[in-house]
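I have placed the structure first, in the form of structure tokens, so that the comments after it can refer back to it.
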Amino acid sequence: HDQVVVDFLDCTCPMYLPNTFTPNGDGINDEFLAVHDCPVITFQLVVFDRWGRELFRSVDPDKAWKGVDDPASTGTALFAWTLDYSWYDGEQVNRAHRNGHVTVLR
């Protein structure tokens, strides 16, 4: 009898970005950070205010936005973000673009 063994590899690199955070210094959900468990090759996260002004940009996947880059913003506010990143899955380089919104509760 012949036997075939098939191994499935997860070739994706999912990024989790929260839809809300609270930069109030209590140590819980104080930062906006892309959470991932794969080695990225390139990374760029940009956060914008409601008028399209860039408030935060990082090419370091471990650098978080503290939510305090807009001194005029108080109370609850909605911000847009874009994320571009690439990773190697063992066979090829893959690229992804995502965008979304995050609510900052102050």
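Under this note's numbering, the first residue of the sequence shown carries the number 268, and numbering increases by one thereafter.
Glycine is no exception: its CB is placed at the ideal position from the N, C-alpha and C atoms.
- Closest in alpha carbon position to VAL314, among THR279, PRO290, GLY334, is GLY334.
- Leaving aside the five residues that flank HIS364 on each side, the residues in its chain whose CB is nearer than 6 Å to its CB run, in chain order, ASP351.
- Here the segment 288-298 makes no contact with the segment 317-324; the two share fewer than three CB pairs at distances below 8 Å.
- Comparing alpha carbon positions, the residue from ARG317, TRP318, LEU284 closest to ASP304 is LEU284.
- Linking PRO328 to TYR355 through their CA atoms gives a straight-line distance of about 15 Å.
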